[in-house]
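Protein chains: 2
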Amino acid sequence: MSAPDIPEIVVRRLPLYLRALRVMASEGRPVTSSRELGDRLHMSAAQIRKDLSHFGEFGTAGRGYDVEPLAEELERILNVDRAWPVALIGAGALGRAILHYEGLQERGFRIAAVFDRDLDKIGRHLGRLRIFDVAALPELAGEMGLEIGIVAVPASAAQSVADALARSGIRAILNYTSAILHVPDGVRVYDIDPVAGLQSLTYYL
Amino acid sequence: MSAPDIPEIVVRRLPLYLRALRVMASEGRPVTSSRELGDRLHMSAAQIRKDLSHFGEFGTAGRGYDVEPLAEELERILNVDRAWPVALIGAGALGRAILHYEGLQERGFRIAAVFDRDLDKIGRHLGRLRIFDVAALPELAGEMGLEIGIVAVPASAAQSVADALARSGIRAILNYTSAILHVPDGVRVYDIDPVAGLQSLTYYL
DNA sequence: TAGATTGTTAATCGATTAACAATC
DNA sequence: TAGATTGTTAATCGATTAACAATC
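Protein sequences appear in the order of chains A and B. For the record, in the first sequence the residue sitting at position 72 is 72 according to the working numbering, with numbers rising by one throughout. To convert, take the position in the second sequence, counting from 1, and add 1000; that gives the working numbering.
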């Protein structure tokens, strides 16, 4: 697993490279260059070459990169050359939108179980999936071998959900709430806060 | 408008400070410190003091910061001491989730109009709002004075929506798609890509 | 070969942290 | 006063960019 000391900021850019390559592949372009990738992603060519160089040599001097092999390489590096089963916590409007988003499937993830706290929802279905009580999370996550959780509950419930996820053996959390989650070592959180995004945009208006 | 050269990375953190302060205010804590804020946000106290120092002196040596006044100051700086009317493009499951999310209202934003391309949706309602044809975007956005747009359409339609938004006088775009949007100078984009987030998490699994 | 583009090194740039005098 | 915490400076750290020899 080599696992050297790759800067996190580099790891966060790899999915963008992968995404751009997949678009190019779908357009039938077999070869690209750091320049072209940079133009598409609004980044410098040097940065892309530098980032990739952390993981190996994937290009050919004078020619560039073969799109499909590089995409597959990045999928291996990111561990998305498979379909990860994911626990979705929160069966509200946001949970429904996440469940119905096809992009998850296409890019390595599959919602495997849905949980909610609301007694009116537990036992019902969200799409094809039955909604379980969050109390069943540790048991079910263990059984199903879930390592990834998506938190789509009200901010006020987010920390208790994070605690339950950590107790359930979850090691990666995608947090859709504005709460800052405190988690034990070994658990990683990625925050999605659209309103914070909007608020940083209005600074410039 | 002073508008000096604040690093963008600092601007992106201000909403986090504001959010933490609003939580503290709701907990009835009248005073805080850079240390306490840092603990809550998993950041160093020095960074918080440094960031705030770009905008003025808001604290009292030996004592800390008054929560409510600092929150209001940050709201002024971020221009969220008002309710911005926002155009939502995309009336699918994601659009519905965004429309029903109360956090927007609470933090300075109000969905003022919804647009979609789908003829089956145009004319119907999403919540309290009638769904308009995206073709009506330039006209309506002008009339309503909209400056912010949220793109919640399939990735394949995102660039054409961004083009329409730019033509409509929109200057800030919250992009929920995985597409990288190319926009004219003067238009700013904030990207939300949950799958990219997940993919950077699986790197560590 | 001539032209293009890689991978990498060194230089630059910018952000974070540590430290502390000032001050409440 | 003693203790606490600010705002700021200087030092450190890390990331980005520029440049170029290697090479296809």
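All C-beta atoms in this analysis are idealised placements derived from N, C-alpha and C, irrespective of residue type, glycine included.
Query, Result
"Is G1127(B) near the ligand MN - that is, is its Cβ less than 7 Å away from at least one heavy atom of it?", "For the structure depicted, the ligand MN is absent and the ligand set is empty, with no information on it obtainable."
"What's the call for R1063(B), buried or exposed, on a 16-neighbour Cβ count within 10 Å?", "exposed"
"How many Å lie between E1139(B) and R1167(B) at the Cα?", "10 Å"
"Flag this pair as touching only if the segment 1015 to 1035 of chain B and the segment 194 to 201 of chain A have three or more C-beta atom pairs under 8 Å; answer yes or no.", "yes"
"Are A20(A) and L52(A) close, meaning C-beta to C-beta below 8 Å?", "no"
"So, helix, strand or coil for Y1204(B), using DSSP?", "coil"
"Nearest CA to the CA of I77(A): which residue from T177(A), V189(A), A179(A), F55(A)?", "F55(A)"
"Going by Cα to Cα distance, which pick from A135(A), R171(A), L181(A) is closest to T1202(B)?", "R171(A)"
"Kindly provide the ranges of any alpha helix (DSSP H) runs that are 4 or more residues long and lie completely inside the segment 84 to 163 of chain A, ordered along the chain.", "93 to 100, 102 to 106, 137 to 144"
"Indicate whether I98(A) and I150(A) have their beta-carbon atoms separated by less than 8 Å.", "yes"
"Indicate whether V80(A) and R107(A) have their beta-carbon atoms separated by less than 8 Å.", "yes"
"Quick one: grab the DSSP three-state call for Y176(A).", "coil"
"How about the segment 151 to 164 of chain A and the segment 129 to 143 of chain A: do they share at least three Cβ pairs that are nearer than 8 Å?", "yes"
"Could you name the residues of chain B that F109(A) contacts, counting a contact when the two beta carbons are closer than 8 Å?", "V1195, L1198"
"Out of curiosity, what's the CA-to-CA distance linking R117(A) and T1032(B)?", "33 Å"
"Pull up the distance between the alpha-carbon of V1114(B) and that of G1095(B), whole angstroms please.", "8 Å"
"Quick check on T60(A): buried or exposed, where buried means 16 or more other Cβ atoms within 10 Å of its Cβ?", "exposed"
"Could you check where the beta strand (DSSP E) with D1066(B) kicks off and where it finishes?", "1064 to 1066"
"Work out the CA separation of A1083(B) and F1109(B) for me, nearest whole Å.", "5 Å"
"Would you mind stating whether S1178(B) and A1164(B) have Cβ atoms separated by less than 8 Å?", "no"
"Does the CB of A1157(B) have a neighbour CB from chain A at under 8 Å?", "no"
"Can you tell me which residues form a DSSP beta bridge with R1082(B)?", "Partner(s): none; R1082(B) has no beta bridge."
"The beta strand (DSSP E) that contains D191(A), what's its start and end?", "188 to 191"
"Any idea which residues DSSP pairs V1031(B) with across the strands?", "D1066(B)"
"Given that R29(A) touches chain B, what residues does it touch there, using C-beta distances under 8 Å?", "Ordered by position in chain B, no residue passes the 8 Å Cβ test against R29(A), which lies about 16 Å from the chain."
"When you compare the CB positions of V86(A) and I122(A), do they come within less than 8 Å of one another, or not?", "no"
"To the nearest angstrom, report how far apart Q1126(B) and D1005(B) are at their CA atoms.", "According to the sequence as given, residue 1126(B) is Leu; it is not Gln. Each residue's alpha carbon lies about 41 Å from the other."
"Which term fits S9(A), buried or exposed, when burial requires 16 or more other beta carbons within 10 angstroms of its beta carbon?", "In the sequence as displayed, the identity of residue 9(A) is Ile instead of Ser. When all chains shown are included, I9(A) counts as exposed."
"Could you run through the segment 1176 to 1194 of chain B and flag, in chain order, every residue whose CB is less than 7 Å away from some CB of chain A?", "S1178, I1180, R1188, Y1190, I1192, P1194"
"With a CB to CB cut of under 7 Å and the five nearest residues on each side skipped, what residues in its chain are close to M144(A)?", "P85, A112, A113"
"Determine whether the beta carbon atoms of R22(A) and A93(A) lie at a separation below 8 Å.", "no"
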